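For reference, the structure discussed in these notes is given below.
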Amino acid sequence: MLRIESVKRLGKKIIVPVLIMSVLCSGTASAMAGTVNTSGVAMATAGMLNKVSQQDIDKAKQERDYARQQAQNTSNRLSNLRGERTELEGQLADLTKLSDEQKAQYEIIATQLQAALDAKAAALDRFIIAQDNLEEQQQLFADRVNAMFEFQNKSTLEVLLESDSIAGFFTNMEIISLIADADNQAIDELQIAMDDAQLQADRAMDEANEMQEIADAKQAELDELERRIGVTSAALDNVSTQITQAERDRDALNAEAARLDKKVKDLTRQYQAQQATAYSGGGTKTVSGVSFTWPVASRNITDPYGQRIHPITGVKKMHTGIDIGSGYGSTIVAAASGTVILVNLPVPGKNTGGTGYGNYLIINHGNGITTLYGHCRNIFVRNGQSVSQGQKIAEVGSTGSSTGPHLHFEVRVNGSTVNPRKYLP
158 MLRIESVKRL
168 GKKIIVPVLI
178 MSVLCSGTAS
188 AMAGTVNTSG
198 VAMATAGMLN
208 KVSQQDIDKA
218 KQERDYARQQ
228 AQNTSNRLSN
238 LRGERTELEG
248 QLADLTKLSD
258 EQKAQYEIIA
268 TQLQAALDAK
278 AAALDRFIIA
288 QDNLEEQQQL
298 FADRVNAMFE
308 FQNKSTLEVL
318 LESDSIAGFF
328 TNMEIISLIA
338 DADNQAIDEL
348 QIAMDDAQLQ
358 ADRAMDEANE
368 MQEIADAKQA
378 ELDELERRIG
388 VTSAALDNVS
398 TQITQAERDR
408 DALNAEAARL
418 DKKVKDLTRQ
428 YQAQQATAYS
438 GGGTKTVSGV
448 SFTWPVASRN
458 ITDPYGQRIH
468 PITGVKKMHT
478 GIDIGSGYGS
488 TIVAAASGTV
498 ILVNLPVPGK
508 NTGGTGYGNY
518 LIINHGNGIT
528 TLYGHCRNIF
538 VRNGQSVSQG
548 QKIAEVGSTG
558 SSTGPHLHFE
568 VRVNGSTVNP
578 RKYLP
């Protein structure tokens with residue numbers, strides 16, 4: 158905290174005299190009275206501490222473009238998710254419809270199964286009754302057989318003596334024979350009835366078992382449909398959740414892209430204001446009736462006019478201009494008013510590439526004087542266009558035969574190069 162305060166105090170020490178000088182020059186009474194506007198000091202200090210470079214703008218643009226790309230990617234993903242949701246909704250509707258149809262079929266089968274089970278139970282009841290009747294008749298027959306056995310053990314004389322008459326004797330013998338025949342016939346009929354009941358019961362059991370298998374198979378189909386409905390429903394819920402999150406992400410990214418776009422515009426305005434201040438502060442110089450200013454704000458000459466060892470070929474040769482170092486994308490302005498007579502743009506928008514001067518242009522200023530601006534990244538004027546001194550015409554690059562970002566600036570008089578430094582303020 159102490160360090161920050163010391164910086165602020167240092168800033169005030171630097172700025173205050175400048176402000177006072179400015180106020181004195183303007184002749185304001187407040188300056189004469191020694192009054193200083195502290196808010197102006199703070200703003201001036203902030204301006205110095207927050208100087209914007211082209212790299213700052215490029216970085217903000219990269220961040221903005223990245224946010225835009227991420228927002229677009231999210232929008233594309235959102236579109237795919239919505240398509241997936243529509244497909245899942247269709248699948249779920251089809252499965253639900255099929256399940257309803259299968260349930261209706263199952264209800265019919267269940268009714269048929271219940272009827273078969275009822276028929277089976279009735280057939281078994283009939284079989285049990287027939288079996289009971291047969292067993293009862295068989296028991297009666299057994300009792301009669303025992304009685305007849307006792308009767309047959311008597312002698313004919315005993316039967317005759319026990320009979321009321323000869324006619325009674327024959328009647329008793331006939332009755333015994335008739336009873337035996339009737340019992341045998343009844344047993345045969347009951348056996349047939351029981352066999353028929355057995356057959357009907359077996360048939361009813363087979364039908365019931367068959368219907369049970371059909372019902373079980375249909376239930377298995379329903380269970381599988383319910384499982385698929387559950388899986389599809391869960392997938393639909395998951396996709397819907399992803400859509401909600403993707404919409405939030407997209408909105409957040411769009412908001413971030415908008416914020417960064419505003420930041421780019423703000424930085425660009427601030428940078429342009431800085432450039433304008435730098436150019437206006439540099440002044441102008443008039444040579445042969447032509448007023449000149451610096452084409453790049455940095456005014457940092459990295460390689461002067463004259464003989465030199467070429468940095469790429471290693472050969473000693475004439476350097477026909479001056480190299481003014483500056484960052485990629487830095488503004489290049491017309492050093493003097495005139496007409497553009499040549500624009501060569503082999504690699505537009507590129508920081509590097511091409512040969513020789515790379516992207517370059519030439520402006521005719523009259524009186525036989527022309528200027529050349531080489532190794533540009535972008536050029537914003539066209540052939541035949543009139544330009545004003547200080548007008549932005551290009552951006553610094555490193556196209557052509559270049560080892561780094563800079564402006565190669567030439568001044569030619571009647572076609573021959575001269576030292577540009579003599580024409581710059």
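Count the sequence shown with the numbering used here and you get residues 158 to 582, in order. Ideal Cβ positions, reconstructed from N, Cα and C, are used throughout, including at glycine. Just so it is clear, the structure is predicted and the values come from calculations on it, not from any experiment.
Is the separation between the beta-carbon of residue i and that of residue j shorter than 9 Å?
i	j	result
Val209	Tyr517	no
Tyr485	Arg534	yes
Lys549	Val490	yes
Ile498	Thr527	yes
Leu529	Arg465	no
Gly525	Asn576	no
Arg234	Ala403	yes
Thr355	Phe284	As written in the sequence, residue 355 is Gln, which differs from the Thr given in the question. Yes, the pair counts as a contact, with Cβ atoms nearer than the cut-off.
For residue i, does the three-state DSSP call read helix, strand or coil?
i	result
Thr574	strand
Leu502	coil
Phe537	coil
Pro221	A small fix is needed here, since residue 221 is Arg in this sequence, not Pro. In this structure, Arg221 counts as helix in the three-state DSSP scheme.
Asn233	helix
Ile465	Position check: residue 465 holds Arg in this sequence, whereas Ile was assumed. Here Arg465 sits in strand by DSSP.
Ala493	coil
Gly523	strand
Leu564	strand
Ala454	coil
Thr202	In this prediction, Thr202 has a pLDDT of 36, which is less than 50 and means its spatial position is unreliable; nothing more can be read from the coordinates.
Tyr517	strand
Tyr428	helix
Arg208	First, the amino acid is wrong: residue 208 is Lys here, not Arg. DSSP places Lys208 in coil when its eight states are reduced to three.
Tyr580	helix
Gly240	helix
Val472	coil
Arg569	strand
Arg160	Its pLDDT being 35, under 50, Arg160 is placed unreliably by the model, and the measurement read from it follows with that caveat. Reduced to three states, the DSSP call for Arg160 is helix.
Lys507	coil
Thr556	coil
Thr441	coil
Gly247	helix
Thr488	strand
Ser545	coil
Gly446	coil
Thr398	helix
Gly387	helix
Thr253	helix
Taking the alpha carbon of residue i as the point to measure from, which residue in the options has its own alpha carbon closest?
i	options	result
Leu581	Arg221, Leu238 and Pro452	Pro452
Gly446	His522, Leu529 and Ile349	His522
Ala372	Asn501, Asp408, Gln262 and Ala217	Gln262
Val553	Asn540, Pro505 and Ile520	Pro505
Lys507	Glu220, Gly561, Ser455 and Asp418	Gly561
Ile349	Arg405, Glu292 and Thr398	Glu292
Glu413	Gln211, Asn207, Asp213 and Ala217	Ala217
Gln211	Ser455, Thr512 and Gln355	Ser455
Asn501	Val538, Asn524 and Pro468	Val538
Gly541	Ala551, Ile519, Tyr530 and His532	Ile519
Ala358	Ile286, Gln399 and Arg569	Ile286
Arg578	Pro461, Arg221 and Leu356	Pro461
Asn207	Asn576, Gln369, Ala403 and Leu424	Leu424
Gln376	Ser559, Ile265, Gln219 and Asp222	Ile265
Leu564	His532, Ala409, Glu404 and Ala374	His532
Glu367	Leu382, Ser559, Ala272 and Gly463	Ala272
Thr469	Val421, Ala279, Ser573 and Ser559	Here the sequence assigns Ile to residue 469, which means Thr is not the residue at that position. Comparing Cα-Cα distances from Ile469 to each of Val421, Ala279, Ser573 and Ser559, the minimum goes to Ser559.
Glu381	Gly511, Gln259 and Glu567	Gln259
Ser397	Ser573, Leu238 and Glu567	Leu238
Asp363	Ala278, Val444 and Thr443	Ala278
Asp353	Ile400, Ala415 and Gln288	Gln288
Ile214	Lys422, Lys254, Ser573 and Ser555	Lys422
Ala374	Asn290, Ala267, Ile400 and Gln296	Ala267
Residue i and residue j look like a contact to me (Cβ under 8 Å); what is the Cβ gap, rounded to whole Å?
i	j	result
Ser483	Asn457	7 Å
Gly557	Tyr514	5 Å
Asp480	Thr509	So it is not a contact: roughly 16 Å between Cβ atoms.
Ala365	Leu274	5 Å
Ala224	Leu417	6 Å
Ser379	Ser236	The amino acid occupying residue 379 in the given sequence is Leu; Ser does not appear at that position. Rounded, the Cβ-Cβ distance is 36 Å, inconsistent with contact.
Leu270	Gln369	6 Å
Thr450	Thr441	5 Å
Cβ contact (3+ pairs, closer than 8 Å) linking the region 490 to 504 and the region 533 to 547: yes
Given 8 Å, three or more beta-carbon pairs between the region 237 to 256 and the region 390 to 397: yes
Cβ pair count under 8 Å reaching 3, the region 228 to 236 against the region 373 to 389: no
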